[in-house]
Amino acid sequence: MGILSVGWVHGSAGDARPFSPARPNHGACARAASRTSRQRAGALGYHSRPPDRGAPRAPTQGAPMQLSEQLADYAASRFDARRPLLGEKGRELDAALQALPIDDAVLARYFCATLPLTDVFDTPFDVLAAHARHALMLRESRPETAALPEDVFVHYVACPRVNNEPLDRCREALWEALAPRVAGLAAERAVIEVNYWCAEVATYQTTDGRTLGALGVIAGAAGRCGEESTLLVSALRAVGIPARQLYVPWWAHCDDNHAWVEAYAGGRWHYLGACEPEEALDRGWFTAASGRAPMVATRLFSDFGCAPEDVLMRSGCSVTVGVTQSYAESSPLEVRVLGADERPAAGATVSLEVLNMAGWRPLVTLTADDEGRCGAVLGHGSVRVHASAGALMAEKDVDTALVSQVCLALSAARVSESNSGWRAIDVRAPRDHPAPSGALTPEMAERGRARKAEADERRRASVASMRAHAEALAARAAGLRPEDDPAVVARVLGGALGNADEVLAFLCAGPEPERLTMLAGLAEKDWLDLSADVLEGHLAAALAGRDTALARLAAAGLAPEEARETWERYVLCPRVGLEHLSAWRPVLPAALPDELAALVGRDPRAAWAWLADHLRFSPAEHVAKLVGTPVGALASGEASEVTRRTLFVAACRSLGVPARLGEADGRAEALLACGRWACVEGSPESPGERDASLRLTCDEGRAPVYGVDWSLARLTTSMQVGGQELFGFAPLDLWGSEFEDGALTLSVPAGTYRLTTTVRLPGGNQQVLERALEVDGTCEVALRMREPAAEDMFQAIELPAAGGLVRAGEKGLGLVAFLELAEEPTEHLLNELADSAAGVGAAGVGVTLVTREDAEAAAADPTLARSLSVLRDAGVVVTLVRDDFSELPERLARRMFADPEALPLCLLADCRAAGAPVGLFARGGYAVGTVELVLRLAALA
1 MGILSVGWVH GSAGDARPFS PARPNHGACA RAASRTSRQR AGALGYHSRP PDRGAPRAPT
61 QGAPMQLSEQ LADYAASRFD ARRPLLGEKG RELDAALQAL PIDDAVLARY FCATLPLTDV
121 FDTPFDVLAA HARHALMLRE SRPETAALPE DVFVHYVACP RVNNEPLDRC REALWEALAP
181 RVAGLAAERA VIEVNYWCAE VATYQTTDGR TLGALGVIAG AAGRCGEEST LLVSALRAVG
241 IPARQLYVPW WAHCDDNHAW VEAYAGGRWH YLGACEPEEA LDRGWFTAAS GRAPMVATRL
301 FSDFGCAPED VLMRSGCSVT VGVTQSYAES SPLEVRVLGA DERPAAGATV SLEVLNMAGW
361 RPLVTLTADD EGRCGAVLGH GSVRVHASAG ALMAEKDVDT ALVSQVCLAL SAARVSESNS
421 GWRAIDVRAP RDHPAPSGAL TPEMAERGRA RKAEADERRR ASVASMRAHA EALAARAAGL
481 RPEDDPAVVA RVLGGALGNA DEVLAFLCAG PEPERLTMLA GLAEKDWLDL SADVLEGHLA
541 AALAGRDTAL ARLAAAGLAP EEARETWERY VLCPRVGLEH LSAWRPVLPA ALPDELAALV
601 GRDPRAAWAW LADHLRFSPA EHVAKLVGTP VGALASGEAS EVTRRTLFVA ACRSLGVPAR
661 LGEADGRAEA LLACGRWACV EGSPESPGER DASLRLTCDE GRAPVYGVDW SLARLTTSMQ
721 VGGQELFGFA PLDLWGSEFE DGALTLSVPA GTYRLTTTVR LPGGNQQVLE RALEVDGTCE
781 VALRMREPAA EDMFQAIELP AAGGLVRAGE KGLGLVAFLE LAEEPTEHLL NELADSAAGV
841 GAAGVGVTLV TREDAEAAAA DPTLARSLSV LRDAGVVVTL VRDDFSELPE RLARRMFADP
901 EALPLCLLAD CRAAGAPVGL FARGGYAVGT VELVLRLAAL A
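Letter by letter, the sequence shown follows residues 1 to 941 in my numbering.
In structure tokens:
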């Protein structure tokens, strides 16, 4: 393995050291560099003041190259291989590259040759050239960056793309903000300082699936983990520090996923949580969780300098590099796939999946070689191995701690009496195994808390300033547009924060009421990075065709109010799915071929078929989940499944035909001339296009939550992130579907489905029920859930952080509860403690109640006062403790794999052995019966 994939390996506690590669390194140009990479990378010191980048250089004929001939040859070869797909764009790029200095041209050509094809058609060339110039400025003027092996520089400093964010010139802005701040700092300290800056400008916030770029995250002062890590990687690369985003596609021990950052400093990779700075590297709240990861990986956008063993899979034009072994107990899993004829199924698609959010989610999708084989290094635990080829499939559940090889024989998928009943599955999560972490002295911890508090205060002050500015803009808008709803204007401008001026520029550029309608119809995230010019083009083109579109809707039988609402939501709106907003509406009407334009208005199904026939998809040139712009797709003639759907909807809307993506499955839909919405993919006579009704029932008093307790998946062919087609059960997007009075009725396409229910145990294991069913016409199914035994709820996790907190009762057990006084969930818990006081006393469990308030203020809470009195009267040892909740409850919750954001947090610990308390059970948030369960567990402990 080489430096591209090397993380660090487990040593003694708190120790992290570089891998010793079994072979020199991972590529022709990197092999020589590997022998001295540690010496040359060294400690990335910084100049006392940032160097002047200067004006762009004029083209240089015959000047010596600083970049290697190997990189130049690689870029030229890859560009020539891509040229047949570029058409006229290739000639435009040739001219633009010819005008650049030689090194700039090499690096910009490399970007054009290796980044997703959508980037080449959707990103202005000057943006890619600016990224090349900035990276070369760092390599030319900073000895530390110049000392990096070329492959590390190319992949982890120069590369413009981190995730699926829009590409812009963010590196220059980040450099201006950060260069003075890291001047003179050693590498490790510079990484920490950049992360403090990131915490000053952004914090965690759940958002939709579209990924903002660094500037968008800064404008909103928040982002989900994938966006926070995109910001930190971009910031580190902007100052010449190699950085990469690491991600766990899906956790196995809990729902959801996570992304964090590794930075290369001092000759090795270090991990850190983005916007979550600490005074030492190799630390993060996810340290324990990452040690249970089923897979940890990073993504490159070429294989330059990669050895074959570095590559986990080729995912379109990207290369996935696995680093699971740096974090978790892991081992290789080899898969062999046989066809129906029992011969190797060369080219079969293999998906390795874990159960997350009640559905089977892919960790990695592989392609079988000529012998039908493929494999990956995975963390230990339950994995579903699913393989398909055409309409044949097979799957098997394995435990990677016990099994290293699995063989699947493909066959037709059928629902029969033998497999249509409920089947019980025990899903085992990886065992607790925290990744190595850096040590903090008490002084470092205290300094870190102070610095983090300072960063939080700066961010809050910045947000307050942006909100005040947005309020002032809203007041100005009220004077300029008195007919607008002031609450809607305030919501939009307030949500735009750092981009509020751009939003106001569009809103107040004219009197049309549709300006506010368009803004209000966008996703909230759009307000943070939209362009007024882009929206202006959309508005003008939509208004030009409004009357014709409304007349069409009236002819389809829609009442005026319904027609207007349909036009606003599914014609006027420039947002289709999770693509980045672009100026497609002014361009498409003239750019669409005449035949396609005619079909859009006459027969949307035929228009979809036309696009499917005329658009290519070259998987090796794309990242399938990166949505291209409609104009770029039309110009390139290349579109992934999701891009083709986006183009279809945009084409329809540009011609006044309402269109959308289906909420449940994301397929393209259009409003037909009869006034009915219909999926345009496939024939209306095919089973999958007939509507069916599925009625689910559940036990009285239960309300199973979709994506937590149950999921529904449809048997279909879907495109995977690597461009492979997988025939299998794809989970539907039914978030928000709720049971009422014990029933839920779903309208779904007729077909074969699989229901999955799960009960996740505190240790991360899951007790699952699963059944297949045919849905056609009307179908009713009673949803079943397993009932775990009390002993299944136990964990055994050492909790040094709770050592001074737990007060054990006479039987050596202690219950700790972090309380949010006067909040309903805490009121419920305190009432349960009071009602069960006699049982708590008999169980010999000591109780520690932790509040933010001091003892006097806490005792003034009537519910707490009553509970304390009743517990003490029952002979329970009760201790009242004050804590500021800034760190301890979250740390304990994450260590016990409970919800870190939900209070009250209850924790049962065993103090009978010497050393730290051992956590047996934890639960966060509102949960009726928590105290009763604790008593049952205490009796079994």
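Backbone N, C-alpha and C define an ideal beta-carbon position, used for all residues, glycine too.
None of the values given here were measured: they were computed from a predicted structure.
With respect to the beta strand (DSSP E) encompassing residue i, which residues constitute its N-terminal and C-terminal limits?
| i | result |
| --- | --- |
| Ile-943 | No information on residue 943 is available, as it lies outside the stretch 1 to 941 that the chain covers here. |
| Ala-260 | The displayed chain sequence assigns Trp, not Ala, to residue 260. Run containing Trp-260: 258-265, per the beta strand (DSSP E) assignment. |
| Ser-718 | 710-719 |
| Thr-629 | Neither: Thr-629 is in no beta strand (DSSP E) and is coded neither H nor E. |
| Phe-153 | Where Phe-153 is concerned, there is no enclosing beta strand (DSSP E), although the alpha helix (DSSP H) it sits in stretches over 150-153. |
| Thr-778 | 778-782 |
| Phe-729 | 725-731 |
Quick one: give me the first and last residue of the alpha helix (DSSP H) that residue i is part of.
| i | result |
| --- | --- |
| Gly-601 | 594-602 |
| His-828 | 824-835 |
| Gly-90 | 88-98 |
| Asn-164 | Unbroken run through Asn-164: none, as it is neither H nor E. |
| His-622 | That residue, His-622, is in no alpha helix (DSSP H); it is neither H nor E in DSSP. |
Residue i to residue j, Cα distance in whole Å?
| i | j | result |
| --- | --- | --- |
| Arg-210 | Leu-868 | 48 angstroms |
| Arg-616 | Trp-584 | 20 angstroms |
| Ala-158 | Thr-298 | 16 angstroms |
| Leu-136 | Val-154 | 10 angstroms |
| Ser-836 | Leu-933 | 11 angstroms |
| Pro-942 | His-270 | Residue numbering for the chain in the displayed model covers 1 to 941; residue 942 lies beyond these limits and cannot be assessed. |
| Pro-731 | Met-295 | 21 angstroms |
| Ala-591 | Asn-257 | 40 angstroms |
| Gly-339 | Thr-349 | 12 angstroms |
| Arg-244 | Thr-548 | 50 angstroms |
| Leu-634 | Leu-647 | 8 angstroms |
| Thr-566 | Pro-589 | 20 angstroms |
| Ala-496 | Ala-477 | 14 angstroms |
| Gly-984 | Ser-351 | Within the shown structure, residues of the chain are numbered from 1 to 941, placing residue 984 beyond reach of any answer. |
| Ala-289 | Trp-251 | 8 angstroms |
| Ala-187 | Arg-142 | 13 angstroms |
Use the C-beta contact count for residue i: other C-beta atoms within 10 angstroms, 16 or more gives buried, fewer gives exposed.
| i | result |
| --- | --- |
| Ser-465 | exposed |
| Ala-922 | buried |
| Pro-308 | exposed |
| Pro-486 | exposed |
| Thr-118 | buried |
| Ala-939 | exposed |
| Ser-34 | At Ser-34 the pLDDT is 29, less than 50, meaning the model places this residue with poor confidence; the figure from the coordinates comes in the next sentence. With 16 or more Cβ atoms within 10 Å of its Cβ, Ser-34 is classed as buried. |
| Val-705 | exposed |
Skipping 5 residues on each side, what residues in its chain have a beta carbon closer than 6 angstroms to that of residue i?
| i | result |
| --- | --- |
| Val-623 | Pro-116, Gly-316, Ser-318 |
| Ala-280 | Gly-438, Leu-440 |
| Val-631 | Trp-584, Val-587 |
| Tyr-247 | Ala-259 |
| Leu-905 | Phe-818, Pro-889, Ala-893, Gly-924 |
| Val-337 | Ala-345, Ala-348, Ala-368, Gly-372, Ala-387, Leu-408 |
| Gly-273 | Trp-260, Gly-284 |
Under 7 angstroms Cβ to Cβ from residue i, same chain only, skipping five residues before and after it: list those, please.
| i | result |
| --- | --- |
| Leu-581 | Asp-526, Leu-530, Val-534, Pro-574, Arg-575 |
| Glu-536 | Phe-506, Ala-509 |
| Leu-937 | Ala-790, Met-793, Phe-794, Leu-908, Leu-920, Phe-921 |
| Val-571 | Ala-542, Ala-549, Arg-653, Gly-656, Pro-658 |
Spatial neighbours of residue i within its chain, please: C-beta separation below 8 angstroms, excluding the five flanking residues on both sides.
| i | result |
| --- | --- |
| Ala-523 | Asp-208, Arg-210, Arg-575 |
| Val-415 | Thr-752, Ala-772, Leu-773, Glu-774 |
| Val-840 | Leu-815, Leu-833, Val-847, Leu-871, Ala-874, Val-876, Val-931, Leu-935 |
| Leu-410 | Val-337, Leu-338, Gly-339, Ala-340, Ala-345, Ala-348, Ala-387, Ser-388, Ala-389, Leu-392, Met-393, Ala-394 |
With hydrogens ignored, establish whether the beta-carbon of residue i is closer than 8 angstroms to any heavy atom of the ligand PLP.
| i | result |
| --- | --- |
| Thr-566 | This structure lacks the ligand PLP, and indeed carries no ligand of any kind. |
Can we say the stretch 494-506 touches the stretch 473-480, given the rule of at least three CB pairs closer than 8 angstroms?
-> Yes, since at least three Cβ pairs between the stretch 494-506 and the stretch 473-480 fall closer than 8 angstroms, the two stretches touch.
Taking three-plus beta-carbon pairs below 8 angstroms as touching, is the stretch 381-389 in contact with the stretch 299-314?
-> Two segments are said to touch when three or more pairs of C-beta atoms, one from each, lie closer than 8 angstroms; by this definition the stretch 381-389 does not touch the stretch 299-314.
At least 3 beta-carbon pairs within less than 8 angstroms: the stretch 917-937 vs the stretch 821-839 = Cβ pair count under 8 angstroms is three or more, so yes.
Say whether the stretch 351-367 touches the stretch 753-763, bearing in mind that this needs 3 or more beta-carbon pairs closer than 8 angstroms, one atom from each stretch.
-> yes
Are the stretch 738-747 and the stretch 694-704 touching, with three or more C-beta to C-beta distances below 8 angstroms?
-> yes
Inter-stretch contact at 8 angstroms, needing at least 3 Cβ pairs: the stretch 213-227 / the stretch 168-183 | Yes: at least three Cβ pairs fall under 8 angstroms.
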